[in-house]
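Number of protein chains: 2
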Amino acid sequence: MAEAEWKTCREAPPLNAFCPVRTTLNVLGGKWKLLILSYLLEGPRRYGELKRLVPEITEKMLIQELRELELDAIVQRTVYQQVPPKVEYHLTEHGRRVQPLFEALIGWGQGYLQREQVLTT
Amino acid sequence: MAEAEWKTCREAPPLNAFCPVRTTLNVLGGKWKLLILSYLLEGPRRYGELKRLVPEITEKMLIQELRELELDAIVQRTVYQQVPPKVEYHLTEHGRRVQPLFEALIGWGQGYLQREQVLTT
DNA sequence: CGGAATCCGATTTGATACTG
DNA sequence: CAGTATCAAATCGGATTCCG
Chain A
1 MAEAEWKTCR EAPPLNAFCP VRTTLNVLGG KWKLLILSYL LEGPRRYGEL
51 KRLVPEITEK MLIQELRELE LDAIVQRTVY QQVPPKVEYH LTEHGRRVQP
101 LFEALIGWGQ GYLQREQVLT T
Chain B
1 MAEAEWKTCR EAPPLNAFCP VRTTLNVLGG KWKLLILSYL LEGPRRYGEL
51 KRLVPEITEK MLIQELRELE LDAIVQRTVY QQVPPKVEYH LTEHGRRVQP
101 LFEALIGWGQ GYLQREQVLT T
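Chain order of the listed sequences is A and B.
Here the first sequence is numbered in this note's numbering, starting from 1 and rising by one per residue.
Here the second sequence is numbered in this note's numbering, starting from 1 and rising by one per residue.
Structure follows, in structure tokens:
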């Protein structure tokens with residue numbers, strides 16, 4: 001597919017194999033993935049740290065989302081062979097590239113929150 | 001809560017009422033919401049148009065997600081009293097403000113797709 | 001045309017207990 | 001500490017039927 005095509009591809013499936021919007025949503029759209037990534041952007045985190053930082057998510061979902069992010073080459077898992085065990089998750093290059101997306105996301109949330117303040121006051 | 005606090009709030013619940021990341025994910029994080037919004041950003045769409053543009057989603061989920069976006073003041077529903085009926089969905093001001101978020105989202109997807117090309121070639 | 005209502009099976013998510 | 005295993009609950013999808 002030529003570059004000009006997938007750059008603007010908005011077709012419905014199955015013609016959307018290279019639609020950037022659907023691609024991003026497929027990779028980052030998991031229920032907890034962006035929230036997990038928001039913490040990994042601040043630096044590498046251990047499994048227990050993430051569990052504490054995102055208490056809404058269960059252990060099962062946390063490990064499941066981390067595994068999927070690993071398969072999609074967004075995060076990398078590092079095991080330190082020691083007792084007690086230590087495992088760290090850190091972003092790959094593609095993971096770090098979500099930074100601008102997050103800045104836009106945070107900007108939108110701030111604007112929305114300010115409206116909420118006005119409405120509920 | 002002072003502005004400086006919620007701007008950077010990364011606390012775990014229940015201290016995160018004003019976390020911009022969690023706010024955005026709560027409002028826009030529905031399974032199909034961002035995909036629906038990506039089409040509404042191009043202009044108002046009728047119910048049937050959205051159904052055709054996003055064939056992955058069932059009628060039930062489409063109407064459900066649209067209702068939630070309406071409750072969160074992201075989209076507005078306009079009924080034209082005529083036969084046959086015509087209903088249009090268009091973005092509110094807060095809905096239109098997701099544009100920068102989408103540009104970042106599309107940019108990330110393009111970068112990720114290029115890597116995929118390299119890997120699968 | 002643009003929905004609403006219902007039933008039902010499949011998938012996803014969650015709670016709890018347990019392990020190397 | 002960093003997960004697994006198991007079972008229950010919630011959500012989602014698909015089909016069908018009906019309505020203004």
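Heads up, the beta-carbon is just placed ideally off N, CA and C, and yes, glycines get one too.
What you are looking at is a predicted structure, and each value in this text was computed from that prediction instead of being measured.
>> Within the continuous alpha helix (DSSP H) that includes B/Gln64, where are the two ends?
In response: Glu59 to Leu71
> Along the chain, which unbroken stretches of the alpha helix (DSSP H) at least 4 residues long are found entirely within the region 31–62 of chain A?
Replying inline: 33–40 and 47–53
> Looking only at C-alpha atoms, which of B/Leu34, B/Pro84, B/Phe102 and B/Cys19 sits nearest to B/Leu66?
Replying inline: B/Leu34
>> Applying the 10 Å Cβ sphere with the 16-neighbour rule, what's the burial state of A/Val54?
In response: buried
>> Quick check on B/Gln110 - is its C-beta less than 8 Å from some C-beta in chain A?
In response: yes
>> Residues of chain B with CB closer than 7 Å to the CB of A/Ile106, please, in chain order.
In response: Pro20 and Val21
>> Measuring only the C-alpha atoms, how far is A/Gln110 from A/Tyr47?
In response: 29 Å
> Per DSSP, B/His90 forms a beta bridge with which residues?
Replying inline: B/Gln76
>> Assuming B/Arg45 and B/Tyr89 are in contact, meaning their beta carbons sit under 8 Å apart, how far apart are those beta carbons, in whole angstroms?
In response: 6 Å
>> Quick check: the Cα distance between A/Gln203 and B/Val75, rounded to an integer number of angstroms?
In response: Because chain A here runs from 1 to 121, residue 203 of chain A falls outside it and cannot be looked at.
> What number of angstroms, rounded off, separates the C-alpha of A/Glu93 from the C-alpha of B/Pro84?
Replying inline: 52 Å
> Could you check where the alpha helix (DSSP H) with A/Glu20 kicks off and where it finishes?
Replying inline: Note that residue 20 of chain A is Pro in the sequence shown, not Glu. First-last of the alpha helix (DSSP H) with A/Pro20: Pro20 to Leu28.
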